[in-house]
Amino acid sequence: MLTVASFNVNSLRVRMPHLTGWLKSAAPDVVCLQEIKCLDEELPRMEIESLGYQVSAVGMKARHGVALLSRAKHTVELRALPGDDTDEQARYLEAVIHVPAPHDRPVRVASIYLPNGNPIDDAEKFPYKLRWMDRLIRHARDLLKREEIVVLGGDFNVCPSDEDVFDVHAMADDALCQVETRQRWREFANLGYVDALRALYPSGRHYTFWDYQAMRWPRNEGLRIDHLMLSPQAADLLEAVGIDKEPRKLDRPSDHTPIWARLAA
DNA sequence: ATGCCTAACACCGTTAGA
91 MLTVASFNVN
101 SLRVRMPHLT
111 GWLKSAAPDV
121 VCLQEIKCLD
131 EELPRMEIES
141 LGYQVSAVGM
151 KARHGVALLS
161 RAKHTVELRA
171 LPGDDTDEQA
181 RYLEAVIHVP
191 APHDRPVRVA
201 SIYLPNGNPI
211 DDAEKFPYKL
221 RWMDRLIRHA
231 RDLLKREEIV
241 VLGGDFNVCP
251 SDEDVFDVHA
261 MADDALCQVE
271 TRQRWREFAN
281 LGYVDALRAL
291 YPSGRHYTFW
301 DYQAMRWPRN
311 EGLRIDHLML
321 SPQAADLLEA
331 VGIDKEPRKL
341 DRPSDHTPIW
351 ARLAA
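When we follow this note's numbering, the leftmost residue of the first sequence carries the number 91, and every step to the right adds one.
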């Protein structure tokens, strides 16, 4: 049994109390973090390791940044999404988790922070998001050839369908909901990746993000943008999935909350 | 139509987030 989770912490240093409390209570085996917003050398490494996790990160100053935590040892395989050597934003980290015997099949996990892309009429931002998604599709296709247990987890900044949005009208011009964004999302999923949440909850409103503004959290006006995407070999093992709202209820929370999936690995 | 709220950086406001 292996629980893999993803949590956009919106600053790791600010959110360490939330993260450590949640690691103790939820006890995930593997965690993908996004928006750590710090350099690698600024990671609170000892504090995380003292809770029993190996930690790797691709950080940058002040913005973006992703990390991977695992109870079992892991080996970092990629520190950037292939396909554009000029892209310097810290948004991708891929590792192989060495799950111990008797479940000794390797588990490949990537922590993904897909570009937001707003505003959509900006000369750079939305095109950058779409190019990044095209690179993700190519790499995800290559990964499938390995026929491994793969979990691509993260803040994908995509609302796959209208049911993943609290107010379609309010989000009509948002990069997370555009036709071009959703078309690429389906192209990615249709390669053979299973959206873990929708595999077990095909309908219904299951948000992972609530804006700090406009009373979105108390009104439950959110978005489903954090996803765990499973290769066929991972999807075959899917036992349970959930969105843990507890960290969002705390003081000074992230605007996201963790999503997790349990695999019979 | 805009700001709402939060974090980081560096300034006491601006940029970015989604």
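Here a beta-carbon is modelled for each residue, glycine too, at the ideal position from N, C-alpha and C. From a predicted model like this one, the values you see are computed outputs, not experimental measurements.
Other residues of its chain near residue i: CB distance less than 7 Å, five sequence neighbours each side excluded
| i | result |
| --- | --- |
| Ala354 | Met91, Leu327 and Glu329 |
| His193 | Ala355 |
Assigned secondary structure, residue i (DSSP; H/G/I helix, E/B strand, else coil)
| i | result |
| --- | --- |
| Ile138 | helix |
| Asp301 | coil |
| Tyr373 | Absent from the model: residue 373. The displayed extent of the chain is 91 to 355, so no value can be given. |
| Val120 | strand |
| Gly332 | strand |
| Met223 | helix |
| Leu327 | coil |
| Met319 | strand |
| Arg338 | helix |
| Val104 | helix |
| Thr110 | helix |
Same chain only: Cβ atoms within 6 Å of residue i, ignoring 5 sequence neighbours per side
| i | result |
| --- | --- |
| Val284 | Leu320 and Ala325 |
| Val331 | Ala286, Leu287, Leu290 and Ala351 |
| Glu311 | Phe256 |
Nearest neighbour of residue i, chosen from the options [CA to CA]
| i | options | result |
| --- | --- | --- |
| Val240 | Arg221, Pro196 and Asp252 | Pro196 |
| Leu102 | Glu131, Lys219 and Glu167 | Glu131 |
| Asp316 | Glu125, Asp175 and Leu281 | Glu125 |
| Gly323 | Leu281, His259, Phe278 and Glu238 | Looking at the sequence provided, one finds Gln at residue 323 rather than Gly. Among Leu281, His259, Phe278 and Glu238, the Cα nearest to that of Gln323 is on Glu238. |
| Asp345 | Ala95, Tyr302, Asn280 and Arg221 | Tyr302 |
| Phe246 | Met305, Pro205 and Asp264 | Pro205 |
| Arg314 | Phe278, Cys249, Leu281 and Asp334 | Cys249 |
| Ser96 | Leu158, Glu137, Arg135 and Val148 | Leu158 |
Beta-carbon proximity list for residue i, same chain, < 8 Å, skipping 5 on both sides
| i | result |
| --- | --- |
| Glu357 | Here the chain covers residues 91 to 355 and nothing more, so residue 357 does not appear. |
| Glu178 | Met150 |
| Lys219 | Leu204, Pro205, Asn206, Gly207, Asn247, Ala265 and Thr271 |
| Arg236 | Arg198 |
Exercise. Check whether the stretch 287-306 touches the stretch 222-232, counting contact only when three or more Cβ pairs, one atom from each stretch, lie closer than 8 Å.
Key: no
Practice problem: Could you name each continuous alpha helix (DSSP H) segment of 4 residues or more that falls completely within the stretch 227-313, going from the start of the chain to the end? | Solution: 269-280 and 286-290
Exercise. Would you check if there are 3 or more beta carbon pairs closer than 8 Å linking the stretch 221-228 to the stretch 111-126?
Key: no
Quiz item: Which residue spans inside the stretch 135-199 form an unbroken beta strand (DSSP E) run of at least 3?
Solution: 144-148, 156-160, 164-168 and 182-187
Quiz item: Does the stretch 337-349 come within contact of the stretch 139-146, defined as at least 3 CB pairs closer than 8 Å?
Solution: no
Exercise. Count the CB pairs spanning the stretch 249-261 and the stretch 198-215 that are closer than 8 Å, and state whether there are at least three.
Key: no
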